[in-house]
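Residue numbers (this note's numbering): 16 to 181.
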């Protein structure tokens, strides 16, 4: 299945993040048969964190750097965690109309947003969302992250509790 193929590549990105002590989110932006850009979450290790260097934002920046002229509505974004509201908005504004993710973000996921209730910029956008692709593999990475006492990012949060209870 093509969705699983690209999600495995996103999972490899998440594994890189985890190996670096970062929150294990990986992202791939693909055409029908090629990976065009990828990225993983940074900015979560150590004593301070930032909320900008998300895997999706990194992949979107790389896509723009490498493929400025590509028709983005035909692309699919694959992510190991449901995009947050910031990333969901950035994905939509970049013209990508299909999002596939592994693990639901019970604390901050943005894909359930009713676009018809937002400002005119978003109201007419039609986006396809596919969830839970290789969810178990992604869950395993998040459990490993939250079980490591050295990882402070989102420690004790709703997301951490939800993840560790599964």
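All C-beta atoms in this analysis are idealised placements derived from N, C-alpha and C, irrespective of residue type, glycine included.
Please read all numbers here as calculations on a predicted model, not as lab measurements.
field: Within 8 Å, strictly: CB atoms of residue 115 and residue 95
entry: no
- request: To the nearest angstrom, report how far apart residue 118 and residue 153 are at their CA atoms.
  value: 6 Å
task: Could you check what DSSP says for residue 24 in three-state terms: helix, strand or coil?
output: helix
query: What is the rounded straight-line gap between the Cα of residue 26 and the Cα of residue 171?
result: 24 Å
- prompt: What residue does the beta strand (DSSP E) around residue 96 start on, and which one ends it?
  reply: 91 to 96
- request: Express the C-alpha separation of residue 62 and residue 143 in angstroms, rounding to a whole number.
  value: 37 Å
task: Report all residues from its chain with a CB closer than 7 Å to the CB of residue 130; omit the five preceding and five following residues, and keep chain order.
output: 137, 138 and 140
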